[in-house]
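If you're matching positions, the sequence shown starts at 43 in the numbering used here and goes up one per residue. For glycine and all other residues, C-beta sits at the position ideal for the given N, C-alpha and C. Note that the structure is predicted; figures quoted are calculated from it, not measured. To keep things clear, I will list the structure first and then write my remarks on it.
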Amino acid sequence: MKTVVLVTGANSGIGLALCDRLLAEAADGLQLCLACRNMQRARAARLSLLASHPSAQVDLLQLDTSSISSVVSAAQEVKQKYEKLDYLYLNAGIMPNPKFDIKAFFRGLFSSKIITMFATGEGILTQWDGVTPDGLREVFATNLFGHFLLVRELEPVLCHPGETSQLIWTSSSNAHRSAFSLDDLQHQRGTQPYSSSKYASDLLSLALNTHYNKQGLYSSVICPGFVMTNLTYGILPTLPAFLWTLLLPIFWLIRVFTNTFTLTTHSGAEALLWLFKQRPQTLDPYAKYHSLTSGLGNNYTQPRKMDIDLETAELLYSKLLELESQIRSRVK
Ligand SMILES: NC(=O)C1=CN([C@@H]2O[C@H](COP(=O)(O)OP(=O)(O)OC[C@H]3O[C@@H](n4cnc5c(N)ncnc54)[C@H](OP(=O)(O)O)[C@@H]3O)[C@@H](O)[C@H]2O)C=CC1
Ligand SMILES: CC(C)CCC[C@@H](C)[C@H]1CC[C@H]2C3=C(CC[C@]12C)[C@@]1(C)CCC(=O)[C@@H](C)[C@@H]1CC3
């Protein structure tokens, strides 16, 4: 039996690098499923993986995490195709219409918060969010709710008596308690939907452990660090992608002060790969596993306690279940 791994948002960035690293580790023992919203980009990703790992088994799945009907039909396809899912990487994510506050950035440069600013992006980024055809906030739907629904739908292939499966969320050190409110789960009133959705995924991971560990399903979160991908290129849209490469010497210098500048997708995927190799029972549900790169360029994974509590996690979980049942009754 091959180990079945499904990765959302697998056609680019950290998701694609993870697939490449997983295949480099264990190509012949893996059945990898790339779950992507755009099948043309998915096919291109599959071909690039097969070019370096010709014997690999790589399947494609059409999945738009921001769309309820897409999540439900993708889950249906997974349940028909695979008897058991061993790893589900919840990696797809967006930060739409980001606004980079240059003044706050320069103020931060000359303050005691400079390292935190570079490590988390705190205080210098806001976003303008849209609404999906299902009537949900786009960032909430894409980064959190679609993934929550996917896990719920895939319960039969994730929970097998006597065996374990792992959920692994690509969260962020940009996740802040202050950006999140139980009274405004979708972040309709604020300007930090990204931070709110990532904090919610940290809480949800804890709640999922409480509810599913006894059925053999374990959940963890990681932060890939600051990685140069389509998501980050969108932060300075006037700066073409290749010009970011010219900033590399500055970024290498910053790396001497903060190990969170992983920069490449290969390094950003470090903690995702590390978790793949761990026994899930040994993991700390209150820890976020960070991909880090030292000043000398060595990659490693380090757990850091998250600012989360079980009570808030449980309240979020019940609100998500409530939203799920509202949506199911609407769809019927
Ligand atoms: N880059 C960084 O510094 C950091 C990134 N992260 C997180 O890492 C994850 C991966 O992002 P990254 O690799 O940087 O960025 P990319 O933009 O390269 O990758 C994001 C992936 O998610 C996919 N995606 C976006 N929306 C949807 C959707 N509705 N349904 C299905 N797939 C979707 C994208 O598909 P498509 O190609 O079609 O757009 C793409 O494959 C995200 O969750 C992000 O928040 C966290 C911390 C730092
Ligand atoms: C032009 C200047 C010389 C350099 C500008 C740097 C900023 C654009 C980056 C500095 C820290 C970065 C960062 C992120 C985005 C880009 C920066 C603000 C994130 C917010 C990207 C998404 C995440 O999830 C965070 C973990 C990143 C934290 C650091």
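- With respect to the 9 Å criterion, residue 332 and residue 63 are not classified as neighbours on the basis of their beta carbons.
- C-alpha of residue 84 to C-alpha of residue 148: approximately 39 Å in a straight line.
- Taking a cut-off of 8 Å on C-beta distances, the region 225-232 does not touch the region 134-153, as fewer than three cross pairs fall below it.
- In this structure, the C-beta of residue 265 approaches ligand 1 to less than 8 Å from one of its heavy atoms.
- In this structure, the C-beta of residue 190 stays at least 8 Å away from each heavy atom of ligand 2.
- Note: residue 331 is bridge-paired with 264 and 345 in the DSSP secondary-structure output.
- Distance from the CA atom of residue 352 to the CA atom of residue 209, rounded to whole angstroms, is 18 Å.
- For residue 190, the number of other beta carbons within 10 angstroms of its own is at least 16, and it is reported as buried.
- It is roughly 16 Å from the alpha-carbon of residue 163 to the alpha-carbon of residue 272.
- Excluding residues up to 5 positions away in sequence, 102 and 104 lie with their Cβ nearer than 8 Å to the Cβ of residue 81 in the same chain.
- Ranking 97, 70, 274 and 90 by CA distance to the CA of residue 43 puts 70 first.
- Rounded to the nearest whole angstrom, the C-alpha separation of residue 113 and residue 187 is 10 Å.
- If you compare the alpha carbons of 165, 138 and 313 with that of residue 277, the shortest gap goes to 138.
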